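Going down the list, the protein sequences come from chains A and B. If you're matching positions, the first sequence starts at 499 in the working numbering and goes up one per residue. If you're matching positions, the second sequence starts at 499 in the working numbering and goes up one per residue. Glycine is no exception: its CB is placed at the ideal position from the N, C-alpha and C atoms. Quick caveat: nothing in here was measured; it's all calculated off a predicted structure.
2 protein chains.
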Amino acid sequence: MRADAERSRRRILEAACEVFLERGPDAPLDAVVRRAGVGPGTLYRRFPDREALVRALVTDLLTRLAEAADRAREAEADPYRALRRFVHAAADLRMGAAIVVLLERLVVDEELVAARTGAVAAVEELLRAAQEAGQLRTDIGMGDLVLLCVRVSRPLPGGLAVLDAGGALVHRHLDLALAGLRPGAAVEESAEESGGKAGAEAGAEAGGPLTFDQVIAAAGRPGEPGPAE
Amino acid sequence: MRADAERSRRRILEAACEVFLERGPDAPLDAVVRRAGVGPGTLYRRFPDREALVRALVTDLLTRLAEAADRAREAEADPYRALRRFVHAAADLRMGAAIVVLLERLVVDEELVAARTGAVAAVEELLRAAQEAGQLRTDIGMGDLVLLCVRVSRPLPGGLAVLDAGGALVHRHLDLALAGLRPGAAVEESAEESGGKAGAEAGAEAGGPLTFDQVIAAAGRPGEPGPAE
DNA sequence: CTTAAGCGGAGAGATTTTCTCCGCCTGTCA
DNA sequence: TGACAGGCGGAGAAAATCTCTCCGCTTAAG
């Protein structure tokens with residue numbers, strides 16, 4: 499593959515990552531093209547359709563995610579610090595967030611499951627180690643960790659995104675969130691007094707840690723719930 | 499106003515709130531119509547254009563937000579519990595998140611500023627009280643509180659939204675985030691070791707508490723930054 | 001029972017999005 | 001250095017989506 503072709507490919511993938519993150523997986527490919535600063539032809543030659551682009555992106559991200567986890571574990575002897583380093587790295591790379599946005603649009607074939615399993619295993623290892631060392635609350639599951647990452651590291655809506663310039667704010671808020679996961683942190687009774695409005699019945703079991711399987715199950719079906727997306 | 503007209507109006511506002519929250523302030527009004535289960539005619543008769551709808555929505559939300567803050571302060575003697583109650587109420591009503599999404603699309607006239615000031619004052623009061631009582635870290639600003647609320651209570655992207663069914667998960671994660679704001683919570687050195695990739699220069703001053711004014715300033719300008727949204 | 005306000009939906013027109021084709025440019029290898 | 005295969009950007013046709021109006025039927029209110 500020619501050098502400039504490879505460069506284009508990477509620019510497209512990076513642009514796609516950000517665009518999908520900001521505008522959802524249905525964002526016009528045109529927007530990707532514009533952000534990448536290439537012509538439409540270039541995108542469609544490399545990725546025949548939306549599915550191909552998304553698949554390439556997800557595979558790439560899952561791989562890097564697993565690598566980041568391994569690197570974090572090697573770089574920090576302290577289990578909590580390793581976990582923290584990983585979480586920050588994932589946020590930097592816009593990964594955690596991007597993946598869940600995208601997974602739902604794909605038929606998850608074997609290759610994808612393999613990549614996902616690898617990444618999850620690496621992160622789970624970090625989580626478990628921190629919990630066993632008594633440095634993290636034990637009522638937190640992989641699902642909680644992943645979702646918290648997604649929530650905190652997603653770009654803010656609309657004009658607020660500028661606050662995140664450079665990523666400094668994301669890191670600040672990630673640390674705030676992580677602080678809530680330390681064993682010392684106060685735990686509130688869920689109380690269930692939620693107020694009159696929103697349904698008080700627990701759809702997902704609110705009590706225990708959220709497992710990763712629950713997250714996968716939810717991501718599995720496209721637009722099933724709700725009154726016609 | 500006839501009873502059914504009022505009912506339609508409310509259904510439209512509720513639908514609009516969710517749709518704008520999920521798909522941004524440019525979401526097709528068609529989608530609002532579909533979710534509300536009314537005909538297009540009904541929407542356009544009540545709200546001549548997008549601006550009218552957005553304005554009605556924001557005004558309504560700001561008012562309710564201020565009310566919720568007052569109610570929380572009266573219901574709980576303990577300052578931290580009052581703040582917590584308010585935060586959960588705001589999440590239930592999809593408010594904090596909706597407002598910031600929408601404010602940027604509006605010319606903020608006097609009426610809007612008044613409503614906003616009222617709401618902010620009420621919440622600021624809650625925050626200050628909790629901090630003075632020593633129940634909350636003092637390196638947290640209104641901006642942090644608001645943004646954390648936005649981040650945690652926004653609907654999850656895509657299919658993951660089903661995990662939030664009933665709102666149980668949002669409340670769980672809100673409590674996790676709040677736990678990170680307690681005085682006891684561990685504070686990390688920001689370290690700035692972010693990793694090679696993302697720019698390490700601090701766009702927003704990463705150090706101190708984020709003020710509400712900073713948030714407003716950011717929300718003020720539409721799509722100024724970035725390489726052509 | 002009367003009546004006017006309200007409602008849902010069909011659909012015209014405008015806008016946006018997808019994707020192809022083609023002529024020029026640029027790495028790469030001899 | 002020169003030749004050329006592969007790559008590039010962009011114009012633009014075809015399809016999809018979105019906005020908003022008009023109209024005949026329904027329904028709340030007196």
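I'd like to check one pair, A:L646 with A:L581: are the Cβ atoms closer than 9 Å?
No, Cβ-Cβ distance for A:L581 and A:L646 is not below 9 Å.
Considering only the alpha carbon of each residue, which of A:V650, A:Y542 and A:A617 lies closest to A:A570?
A:A617
Look up A:A575 in the DSSP assignment and say whether it is helix, strand or coil.
coil
Output, in chain order, the set of chain A residues within a Cβ distance shorter than 8 Å of B:R649.
R649, V650, R652, L654 and H671
Any beta carbon from chain B within less than 9 Å of A:V660's own beta carbon?
yes
Among B:I510, B:Y578 and B:D590, which one has its Cα closest to the Cα of B:L555?
B:I510
Does B:L566 pass the burial test, meaning 16 or more other C-beta atoms within 10 Å, or should it be called exposed?
Reading the sequence as shown, one finds Ala at residue 566 of chain B and not Leu. Flag for B:A566 reads buried.
Do the CB positions of A:A677 and B:A683 come within less than 9 Å of each other?
yes
At which residue ranges does the stretch 582 to 612 of chain B contain complete alpha helix (DSSP H) runs of 4 or more residues, listed in the order of the chain?
As far as the stretch 582 to 612 of chain B is concerned, its whole alpha helix (DSSP H) runs of at least 4 residues are 593 to 601.
In whole angstroms, what is the alpha-carbon distance linking A:R652 and A:A501?
32 Å
Evaluate the contact criterion for the stretch 663 to 680 of chain A versus the stretch 601 to 620 of chain A: three or more CB pairs, one atom per stretch, below 8 Å.
Touching, no, given that fewer than three Cβ pairs across the two stretches are closer than 8 Å.
For A:V536, which three-state DSSP category applies?
coil
Report, in whole angstroms, the separation of the C-beta atoms of A:A513 and A:A534, which I expect to be a contact under 8 Å.
Rounded, the Cβ-Cβ distance is 4 Å, consistent with contact.
At a Cβ threshold of 9 Å, is A:D642 touching chain B?
yes
What in chain B is Cβ-close to A:P523, meaning under 9 Å?
P655 and G656
Run of the alpha helix (DSSP H) containing B:L654, from where it starts to where it stops:
Looking at the DSSP string, B:L654 is not in any alpha helix (DSSP H), and its letter there is neither H nor E.
Among B:R543, B:V585, B:G522 and B:D590, which one has its Cα closest to the Cα of B:A666?
B:D590
Am I right that A:H671 and B:R635 are in contact with their C-beta atoms under 8 Å? What's the rounded C-beta distance?
At roughly 13 Å, the Cβ-Cβ gap does not stay under 8 Å, so A:H671 and B:R635 are not in contact.
Using the three-state DSSP reduction, which class does A:I638 fall into: helix, strand or coil?
Note: A:I638 maps to coil in three-state DSSP.
Residues that A:E602 contacts on chain B, provided the C-beta gap is smaller than 8 Å
G656, G657 and L658
Are the C-beta of B:A702 and some C-beta of chain A separated by less than 9 Å?
At B:A702, the pLDDT of 39 sits below 50, so the modelled position is not reliable and the matter cannot be decided from this model.
Taking only runs of the alpha helix (DSSP H) that begin and end inside the stretch 656 to 686 of chain A, which ones reach a length of at least 4 residues, in chain order?
666 to 677
Option in A:E520, A:A595 and A:A575 with minimal Cα separation from A:Q633:
Restricting attention to A:E520, A:A595 and A:A575, the CA atom closest to the CA of A:Q633 is found in A:A575.
Taking CB distances under 9 Å as the criterion, tell me whether A:V605 reaches chain B.
no
Classify A:T709 as helix, strand or coil using the three-state DSSP reduction.
Under the three-state reduction of DSSP output, A:T709 falls in the coil class, being neither helix nor strand.
Let me know the secondary structure DSSP gives A:R543 once reduced to three states.
helix
Would you mind telling me which residues of chain B sit closer than 7 Å to A:V599, beta carbon to beta carbon, in chain order?
P655 and G656
Alpha-carbon to alpha-carbon, B:V668 and A:A458:
Because residue 458 of chain A is not part of the residues shown, which for chain A are 499 to 727, the question remains open.
Go ahead and label B:R583 buried or exposed: buried means 16 or more other beta carbons lie within 10 angstroms of its beta carbon, across all protein chains shown.
buried
With H, G and I counted as helix, E and B as strand and the rest as coil, what does DSSP make of B:A525?
coil
With A:Q712 and B:L661 assumed to form a contact (beta carbons below 8 Å), what rounded beta-carbon distance in angstroms separates them?
7 Å
Taking 9 Å as the threshold (beta carbon to beta carbon), is A:G697 in contact with chain B?
For A:G697, the predicted structure reports a pLDDT of 37, less than 50, and the residue's modelled location is therefore unreliable. A value from the coordinates is still provided. So, interface residue.
Can you tell me the Cα-Cα spacing of A:L708 and B:H586, whole angstroms?
20 Å
Contacts around A:A564, its chain only, beta-carbon distance under 6 Å, and the 5 residues preceding and following it disregarded:
G616, A617 and A620
In chain A, which residues lie with their C-beta within 7 Å of the C-beta of B:A716?
G657, L658, V660 and L661
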